[in-house]
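Asker: Here it is, the structure, as structure tokens.
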């Protein structure tokens with residue numbers, strides 16, 4: 001996978017979640033994503049950005065325009081140095097939440113992406129990477 | 001403080017969301033609407049989301065909360081104008097907005113509210129208990 005373009009944004013508060021949505025939308029439009037695909041990746045980004053703020057205590061998102069052979073896609077990496085996730089399997093379940101939300105953030109973001117990877121170490125932080133291909 | 005305006009039209013409240021809402025703004029709208037329903041003695045709430053390009057689980061939850069709270073306060077809520085791409089994404093996200101009435105556009109939404117008001121059991125007749133309707 002080659003990275004064509006990359007940018008990193010802070011994800012610290014609820015205003016940043018809006019900025020992340022806008023930045024991801026702009027890159028998805030540049031890559032020629034259909035409206036539905038734009039909406040899916042922006043929505044997934046919104047869920048993950050909120051998780052970074054609420055559970056990770058803030059962090060960053062890196063937005064990469066990537067290519068794999070002839071395919072073009074958008075890869076988002078959300079990184080925080082928060083408390084980490086104790087039970088990843090449980091956290092991925094629909095409806096599970098420790099934060100009073102609907103518990104759809106992680107599972108929903110996964111459904112809205114083509115590739116999904118979650119790496120979390122308790123006490124060190126969490127990294128969630130999603131990719132959506134055009 | 002930044003706020004989403006709420007307009008009163010007869011017995012209904014109208015809200016048009018035209019900005020990409022951050023979470024606090026959405027929560028403020030929820031609180032403001034609940035208060036206005038009581039103050040304005042509103043019988044219906046129409047929320048136009050045709051400008052919204054994204055609805056994530058937070059905003060989806062807010063819409064569900066508004067519908068539930070207004071129901072408890074004896075008002076109906078209709079959400080109108082959802083974009084097709086948003087609808088597709090919401091369902092895939094796992095959110096089907098249970099309990100939220102929707103209509104394609106403002107006109108149909110108003111029709112729904114009026115019909116609900118006219119057809120509500122015992123509605124037009126003032127039973128003297130709630131004191132909300134003056135006619």
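Protein chains in written order, with the numbering used here: chain A, 1 to 134; chain B, 1 to 135. Built from N, CA and C at the ideal position, the CB exists for glycine as well. On a predicted model such as this, the values are computed, not experimentally measured, just so you know.
1) Report yes or no: do the segment 9-23 of chain B and the segment 112-124 of chain A share at least 3 C-beta pairs separated by less than 8 Å?
2) What does the Cβ neighbour count give for residue 48 of chain B, buried or exposed, with the cut at 16 atoms within 10 Å?
3) Would the beta-carbon of residue 36 of chain B fall within 8 Å of that of residue 72 of chain B?
4) Which residues does DSSP list as the beta-bridge partners of residue 119 of chain A?
5) Just the C-alpha distance for residue 46 of chain A and residue 54 of chain A, rounded to the nearest angstrom, thanks.
6) In whole angstroms, give me the CA-to-CA distance for residue 74 of chain B and residue 24 of chain B.
7) Distance cutoff 8 Å, beta carbons only. Does residue 32 of chain B sit that close to anything in chain A?
8) For residue 76 of chain B, count the other beta carbons within 10 Å of its own beta carbon; 16 or more makes it buried, fewer makes it exposed. Which is it?
9) Ordered along the chain, which non-local residues of its own chain (more than five positions away) have a Cβ less than 7 Å from that of residue 113 of chain B?
10) Could you name each continuous beta strand (DSSP E) segment of 3 residues or more that falls completely within the segment 43-96 of chain A, going from the start of the chain to the end?
11) Can you find a C-beta in chain A that's less than 8 Å from the C-beta of residue 57 of chain B?
12) Looking only at its own chain, which residues have a Cβ that is under 7 Å from the Cβ of residue 50 of chain A, when we skip the five neighbours before and after it?
13) How would you list, in chain order, the residues of chain A whose beta-carbon sits under 7 Å from the beta-carbon of residue 88 of chain B?
14) Is it right to say residue 51 of chain B is buried, meaning 16 or more other beta carbons lie within 10 angstroms of its own, or is it exposed?
15) Mark residue 9 of chain B as exposed unless 16 or more other C-beta atoms lie within 10 angstroms of its C-beta, in which case mark it buried.
16) Have a look at residue 32 of chain A and residue 109 of chain A and give me their C-alpha separation to the nearest angstrom.
17) Which residues of chain E have a Cβ atom closer than 8 Å to the Cβ of residue 94 of chain A, listed in chain order?
18) Just curious, the beta strand (DSSP E) that residue 47 of chain B is in, first and last residue?
Answerer: Once the coordinates are examined:
1) Taking a contact to require three or more Cβ pairs closer than 8 Å, the segment 9-23 of chain B and the segment 112-124 of chain A do not qualify as touching.
2) For the purposes of this step, residue 48 of chain B is taken as residue 48 along the second chain, with counting starting at 1. Classification for residue 48 of chain B: buried.
3) The residue you call residue 36 of chain B lines up with position 36 of the second chain. The residue you call residue 72 of chain B lines up with position 72 of the second chain. Cβ distance not < 8 Å, so residue 36 of chain B and residue 72 of chain B don't count as in contact.
4) Translated into positions along the first chain, residue 119 of chain A becomes position 119. Beta-bridge partners of residue 119 of chain A (DSSP): A:127.
5) Taking the first chain and counting its residues from 1, one reaches residue 46 of chain A at position 46. Taking the first chain and counting its residues from 1, one reaches residue 54 of chain A at position 54. Near 12 Å, if we compare the C-alpha coordinates of residue 54 of chain A and residue 46 of chain A.
6) Start at 1 with the first residue of the second chain, and residue 74 of chain B comes out as number 74. Start at 1 with the first residue of the second chain, and residue 24 of chain B comes out as number 24. Their Cα atoms are separated by approximately 26 Å.
7) Translated into positions along the second chain, residue 32 of chain B becomes position 32. By this cut-off, residue 32 of chain B is not an interface position.
8) In the second chain, counting from the first residue as 1, residue 76 of chain B sits at position 76. By the 10 Å Cβ count, residue 76 of chain B comes out buried.
9) Within the second chain, numbered from 1, the residue matching residue 113 of chain B stands at position 113. 12, 44, 46, 76 and 78.
10) Under the rule that a run must span 3 or more residues, the beta strand (DSSP E) segments found entirely inside the segment 43-96 of chain A read 59-68 and 71-80.
11) Residue mapping note: residue 57 of chain B aligns to position 57 of the second chain, counting from 1. In terms of beta-carbon proximity, residue 57 of chain B lines the interface with chain A, with at least one pair separated by less than 8 Å.
12) Stepping through the first chain from its first residue, residue 50 of chain A is reached at position 50. Taken in chain order, the residues that qualify are 17 and 105.
13) On the second chain, position 88 is the one that residue 88 of chain B refers to. Those are 36, listed as they occur along chain A.
14) Numbered from 1 along the second chain, position 51 holds the residue referred to as residue 51 of chain B. Within a 10 Å sphere around the beta-carbon of residue 51 of chain B sit fewer than 16 other beta-carbons, which makes this residue exposed.
15) If you number the second chain from 1, residue 9 of chain B lands on position 9. Exposed.
16) Locating residue 32 of chain A in the first chain gives position 32, where the first residue counts as 1. Locating residue 109 of chain A in the first chain gives position 109, where the first residue counts as 1. One C-alpha to the other measures close to 21 Å.
17) As a matter of chain content, chain E is missing from the structure shown, whose protein chains are A and B.
18) The sequence position of residue 47 of chain B within the second chain is 47, counting from 1. Per DSSP, residue 47 of chain B belongs to the beta strand (DSSP E) from 44-48.
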